[in-house]
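Numbering (our numbering), first residue to last: 269 to 645.
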């Protein structure tokens, strides 16, 4: 009997993405799975139910009916309490669990004896690149951040020479040169802006400059060692942060657009832009805070709002930027999931090998307990 994969509608506020597309339904069926999709799953990504049915999925209107016999549940965000209660014991759940913050969801999954995997914990190793949802979604977030900035900014991005005079190019400063930051740099450059960028990781300097942007950072001995073995930024000392803040203050005052992208796994987003920085910027300037869902990099930013400061600076705090380009975000995420499921679905049978380094790193609950060391506490 084929392994049963279920996909339910996203019920978290503001979530427009979905976990499967018609393209990936076909790929899951090719793995030997039977796919059941809850009606309305693809609405936010402009995918009609009929397209899922045409790809070979069974479409059902009742959530409990979708989940009753499911061996695997696929989600973008973690399942709700009602969905968890409808799972059969021992079911596998795969989603972006946000496991450090969504403790209640994690405990409920453990209580339901589910084997739950957090896609954000997939290790950044060569073998797992095709499963890296953080990169696929951050790429789109970096692109969308620049589009949002351009929409809010009251002037053009490129230098334009006209009979009536020259329009100066916008100055864009990107803070954090990970996947999102690099895409923001590339997009701002394509729009014709003069771009500068900063990051605490030494390897980022060459990447920034390869995209035609200027690198701005305090390049001391601490900076040279400021990267983990996994390629993430380390938390910096107070002394370094003070020096970097001084450099930032002198640079940010000259900028038209600032995009912040800095995140530290398992910790609140670092504060990069203070109220004083914002107050020093020109009227009409724009800040876009990509880390708003994790506490924000910009002082005064608010989730889901554009805040206009007394000095006329707009601080954009849109949550879930990939969800603002939902069709592409869903397509990439769904492909990440197919690659991940390929580790545990073979010839229509489900086999979860928790000794596999990818599955071992990303499993959060198993056997009625929370098993991920970083989440247990």
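Quick reminder that beta carbons are idealized off the backbone N, C-alpha and C, glycines included. Fair warning: this is a prediction, and the values are worked out from it, not measured in the lab.
One thing to note: residue 372 has its Cβ within 9 Å of the Cβ of residue 349. For the pair residue 427 and residue 437, the CB atoms are nearer than the 9 Å cut-off. For residue 276, the closest alpha carbon among the candidates 622, 346 and 270 is that of 346. Straight-line spacing of the CA atoms in residue 273 and residue 623 works out to 23 Å. Look at residue 361 here: in three-state DSSP terms it is strand. Taking 9 Å as the cut-off, the Cβ atoms of residue 583 and residue 546 count as close. Taking residue 596 as the centre and dropping the five residues before and after it, the same chain places the C-beta of 408 closer than 7 Å to its C-beta, in chain order. With a 10 Å radius around the Cβ and a threshold of 16 neighbouring Cβ atoms, residue 535 comes out exposed. Closest in alpha carbon position to residue 514, among 533, 490, 485 and 538, is 485. Residue 353 and residue 340 have their C-alpha atoms roughly 14 Å apart.
When Cβ pairs closer than 8 Å are counted between the two stretches, the segment 410-419 is seen not to touch the segment 392-399, the count staying below three.
The shortest CA-to-CA distance from residue 616 to any of 298, 279, 443 and 331 is the one to 298. Annotation: residue 623 is outside any alpha helix (DSSP H) and is labelled neither H nor E by DSSP. Annotation for residue 480: 457 place their beta carbon closer than 6 Å to its own, counting only its chain and skipping 5 residues before and after. For residue 297, the enclosing alpha helix (DSSP H) stretches over residues 290-298.
Considered as a whole, the segment 442-517 harbours 462-466 as its complete beta strand (DSSP E) runs of no fewer than 3 residues, in chain order.
Contact between the segment 304-315 and the segment 325-333 is present: 3 or more CB-CB pairs across the two stretches fall below 8 Å.
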